[in-house]
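Contents: one structure, followed by commentary.
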Amino acid sequence: MDVLDRDKPLSQCLIWPLIEKFYGESGPEAWAQTPYYPTSNAFIADTYAELTLAFLRDRLPELRRDEPIYCVELASGLGAFALLFWRALERKRAEDSALAALDLRYVLTDFTEKNLEHWWADPQLRAEIERGVLDSALYWPERDTQITLRKSGAVLSTETLANPLIVIANYFFDSIRHDFFQAESGTLREALPIIWRDYGHANLPPRLDQLHFTDAYRDIDTQRYYAQPRWNAVLEHYRTTLSEASFLFPIGALTVLDRLWSLTKGRFFLLAADKGFHTEVAMHGHYATPYTPHTGSFSYAVNFHALARYVDNLGGRSWSAHENSSLTTFVATSDVGPSEALSRAAWHYLQENDVIKNSFALAELLSATTPKSDADPASLLRIGIACVELSRFDSFVFASCGEYLQKGLAVCPREVRAALRVLLARVEANLSPLVLGAQDAYGWLRYLYFHLDQLDDCLRVSAAAVALFGPNHDDAFYRGAVAEARGDRAGARVYFGQALEHDPSSEITRTRLALLG
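In this text, residue positions in the sequence shown follow numbering that gives the first Met the number 0: the first is 0, and each later residue adds one.
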């Protein structure tokens, strides 16, 4: 056994510098190994937009109309969420003149320069940055006391922020520092994990996937454990209420909330989605310090129950989705203030319907099923349209429904075709090369536009796909099909020939070319 670390709380162990190194060195490549779709999709963006507008409606009387209102996304990663959220927010607030008049700005942040370079290289993000509604910043929320915007040069600080700060933290709190405790009969014990690896790896730099944990524990005084009395108040609550329990304590997230409190003078609105739990029921029983590495990284279930008690201690208010260990949502405002609109929206989206969790389950279902061969085409069409609409026109869900829409198109009546055209336009408005399913979504848009006789739209979408993903068989095939539909037989032959160069085995292309002579 090669012992690498011991006699330290979990939050001080070597795993945290290792995960920072992974994300810092990998930049956008980290997301080829780390799932991001659950918190970067159209339905979570739509829900966040509704909650944000509800918060702003409540705060309208106190907002400075002559100053910007900033929405800062922590650990933006690929930047896939930003465009989805911003488009939903702009579309919805345009319907309310008071909200439409507000000067809203969106800021993507991360701690590694590689991600900032990636956002600037993306044409859609760059267009919004150049328009002045999006900006970016190198920002480490656990350490930095201000945010300096890269494009505008503006500095967001205690002195300059005139309005409340809207903060988005998706898939972030799970991978910053946690401690681990066990409770038993009025006593709390801190975990001091012994971290080791097999001797065969000795003399090599440690890797997260090689590490093993063996637990050791020590009793603590909850009144003096942390330097922050409010954190200790939450620990003391657990000591007095939990009889036999184990729980993670999200000190990274608590540090971020402390810094946000200082930065905004106690005026911020937080939206967070992560794997986590909201109730003490999830803490019952004794178990070992959790540690499950992914490829290159790891993550912990976020104790949103602790965050909620902390927000309560600040005098704020929070709302949570139903208990769900794989994906759950937490919304908090640091001051209670008027909250009628926000309370109604939080209840509707997080508790009454739990839109985010249920829409993600819909995406999982569609990715695992295909339409039955003997199903009624009209029923398949209705299912496909309903699923895409329920997902708020999400690209991945749309691509998963492509076969449903394809099979139903032949029996599609005129009025449904009109609705389908609107659906396609909404899906296209959400499209970005950064979102999951983008390439497949472009392919289905091209197919459906062609079969709805929207030939110009077919060519436009095809050109956009080629610009993003490069030329392929389908692009050339549909260019040929459009040329043939318009009576340009010579052009059709050229394009079908190009399609065969990409895929010589395509029988349908060979047949179409032969029919042209």
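A virtual CB, placed ideally from N, CA and C, is assigned to each residue, including glycine.
These numbers were taken from a predicted model, which means no experiment stands behind them.
According to DSSP, simplified to helix, strand and coil, what is residue i?
i      : result
Gly152 : coil
Pro60  : helix
Ala482 : helix
Trp518 : The question about residue 518 has no answer here: the residues shown for the chain are numbered 0 through 516.
His283 : strand
Val233 : helix
Asn169 : strand
Phe392 : coil
Gln181 : strand
Ala362 : helix
Pro292 : strand
Ile68  : strand
Glu141 : coil
Val493 : helix
Ser504 : coil
Hey, would you say residue i sits closer than 8 Å to residue j, going by beta carbons?
i      : j      : result
Ser135 : Lys150 : yes
Arg125 : Tyr69  : no
Leu389 : Leu364 : no
Leu234 : Arg217 : no
Ala320 : Thr38  : no
Leu1   : Arg196 : The amino acid at residue 1 is misidentified as Leu; the sequence shows Asp. Yes; because the gap between Cβ atoms is below 8 Å, this pair is in contact.
Arg445 : Val426 : no
Asp4   : Leu13  : yes
Leu133 : Ala97  : no
Phe110 : Leu148 : no
Arg391 : Asp95  : no
Phe248 : Asp353 : no
Thr51  : Leu83  : no
Can you tell which of the options has the C-alpha that lies nearest to the C-alpha of residue i?
i      : options                        : result
Leu253 : Ala161, Asp143, Ala305         : Ala305
Thr368 : Leu458, Glu402, Leu515         : Glu402
Val280 : Pro249, Glu351, Ser245, Arg420 : Ser245
Ser372 : Asp353, Gln405, Asn352, Ala345 : Gln405
Ala307 : Arg420, His283, Phe276         : Phe276
Phe297 : Phe476, Ala79, Phe172, Ala126  : Phe172
Asn471 : Ala489, Val233, Leu433, His501 : His501
Leu59  : Leu77, Asp102, Ala79, Glu506   : Asp102
Glu414 : Leu451, Ala462, Ser431, Ser394 : Leu451
Ala331 : Leu259, Pro8, Gly407           : Leu259
Gln209 : Phe395, Tyr290, Asn352         : Tyr290
Phe267 : Val310, Ile355, Ala300, Leu164 : Leu164
Gly76  : Ala424, Leu433, Gly442, Pro376 : Leu433
Cys386 : Leu419, Val410, Ala409         : Leu419
Trp517 : Leu514, Ser431, Leu313, His211 : Given that the chain is displayed from residue 0 to residue 516, the structure contains no residue 517 and the question cannot be resolved.
Ile219 : Glu243, Tyr198, Phe180, Pro249 : Phe180
Asp311 : Val106, Leu514, His236         : His236
Gln227 : Ala440, Asn162, Tyr309         : Tyr309
Asp57  : Asp439, Leu447, Glu339, Lys274 : Glu339
Ile167 : Phe329, Gly490, Ala428         : Phe329
What separation, rounded to the nearest whole angstrom, lies between the Cα atoms of residue i and residue j?
i      : j      : result
Pro292 : Leu207 : 6 Å
Leu115 : Thr108 : 8 Å
Ser504 : Glu483 : 21 Å
Gln123 : Arg238 : 50 Å
Ser333 : Trp118 : 30 Å
Thr508 : Val255 : 57 Å
Arg223 : Leu270 : 30 Å
Asp257 : Ala99  : 31 Å
Pro533 : Ser399 : A question about residue 533 goes unanswered here, because the residues of the chain that appear run from 0 up to 516.
Arg343 : Phe476 : 50 Å
Pro204 : Arg176 : 21 Å
Tyr225 : Pro8   : 12 Å
Gly131 : Ala417 : 35 Å
Ile194 : His211 : 6 Å
Leu467 : Gly185 : 60 Å
Exposed or buried, residue i, counting other C-beta atoms within 10 Å across all chains shown (16 or more means buried)?
i      : result
Gly436 : buried
Ala41  : buried
Thr240 : exposed
Lys20  : exposed
Glu158 : exposed
Val71  : buried
Leu155 : buried
Leu379 : buried
Arg316 : buried
Ser366 : exposed
Arg485 : exposed
Glu129 : exposed
Ala287 : exposed
Gly251 : buried
Trp230 : buried
Thr33  : buried
Trp443 : buried
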